[in-house]
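Numbering (this note's numbering), first residue to last: 325 to 700.
What follows is the structure in structure tokens.
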């Protein structure tokens, strides 16, 4: 949903009705996550995808149907019986896709506009089963100024839902009714300590991958904003900045300065906070020496166990760009709770439920009520 939000609002504000297709159920392995969406206009403009290409043609046809007046509906796509001509997923799983029209001036259009303009975290709630299929609402903290509809709040703690990173389905008291809740908490954060050349490559790759990137370095000559056009650059001692920054469990901290006067104080602060990933560049010998300095600085054994060093996955690259790829690959694996191993050496679903998807007593993540996620 996040990836098509701006496009959908742009179309609507330009006076064009749209249809939105959204993944609302997954059984087995699927190429996209719950909440993945596609927006289609009547004149055939398409943004986003729901399957990586497997069933997009059929979904577009369904979108054009609802734009032509058909009611909202849920389409299911699984393994095709005809590998050449059939419509189905190549990954072996199946998905349910809600297709609905969103017309300019409608409450649903107002919800999308509010989300796109929101300055604070919010949740988008979509009715994906039961009466009122396709209805939506937005929930947020009262201070946000966003209207909190009963659809979003009935029986659920909106503040808690805002803390998650991925969508999930909530089953209400009525078992025939189900809601897809998608948190809009802003992008995950990547903090890079040290404005070195490897940082230039990592900032560029991180930004292209959807992270909000901050580069921190006390050296004015290095912390030049024009070196990091896609990042926020802070010229300050990193430990001081980290002490006041609102880091959270969706933050990754990469210490790349290769200067112990910068590295050790920054790591001491980062490891004492809630960041989901803390990594530092250096050789194995440097790592051993750095551990001694960190212990002397009061870093506990439990905190040191969180440290990723040497940083990155074993890809064998040497250039700044290849090193950045190695680092970001490890961060993504940690964020999603995956091993970082070659997929050929693993078993189970290729696309497991997000490690930080919504989980409550009444939630089903990665599956609809019709069937649980299997290990296909």
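The beta-carbon is built from N, C-alpha and C at its ideal position, and this holds for glycine as well. In this text, all values refer to a predicted model and were calculated from it rather than measured experimentally.
- Counting the other Cβ atoms within 10 Å of the Cβ of residue 620 gives fewer than 16, which makes it exposed.
- For residue 536, same chain residues with a beta-carbon under 6 angstroms away, outside a window of 5 residues either side, are 511 and 513 in chain order.
- Counting of Cβ neighbours within 10 angstroms places residue 365 among the buried residues, the total reaching 16 or more.
- Fewer than three Cβ pairs drawn from the region 597 to 605 and the region 528 to 542 lie within less than 8 angstroms of each other, which leaves the two stretches out of contact.
- Secondary structure note for residue 655: its alpha helix (DSSP H) is the uninterrupted segment 644 to 659.
- Residue 393 places its beta carbon 8 angstroms or farther from that of residue 418.
- Within the same chain, Cβ atoms closer than 8 angstroms to the Cβ of residue 432 are found at 424, 426, 458, 459 and 460, the five residues on either side in sequence being excluded.
- Within the same chain, and ignoring the five residues on either side of residue 339 in sequence, the residues whose Cβ sits closer than 7 angstroms to its Cβ are 428.
- Cβ neighbours of residue 596 within its own chain (closer than 7 angstroms, five residues either side excluded): 627.
- Within its own chain, the residues whose Cβ lies closer than 7 angstroms to the Cβ of residue 572, once the five positions on either side in sequence are excluded, are 598, listed in chain order.
- The beta carbon of residue 663 sits closer than 8 angstroms to those of 657 and 670, all from its chain and outside the five residues before and after it, given in chain order.
- DSSP links residue 435 through a beta bridge to no other residue.
- Partner residues in the beta bridge of residue 371, as assigned by DSSP, are 363.
- Residue burial annotation: residue 385 is exposed, with fewer than 16 other C-beta atoms found within 10 angstroms of its C-beta.
- According to the DSSP secondary-structure assignment, residue 550 is paired through a beta bridge with no residue.
- If you compare the alpha carbons of 659, 642, 371 and 379 with that of residue 574, the shortest gap goes to 659.
- The shortest CA-to-CA distance from residue 649 to any of 594, 527 and 666 is the one to 527.
- Taking the Cα of residue 358 as reference, the smallest distance to any Cα among 335, 503, 647 and 336 is reached at 503.
- Look at residue 559 here: in three-state DSSP terms it is coil, with no helix or strand label.
- In the DSSP assignment, residue 399 falls within the unbroken beta strand (DSSP E) covering 397 to 401.
- Membership of residue 538 in any alpha helix (DSSP H) is not indicated; the residue belongs instead to the beta strand (DSSP E) covering 536 to 540.
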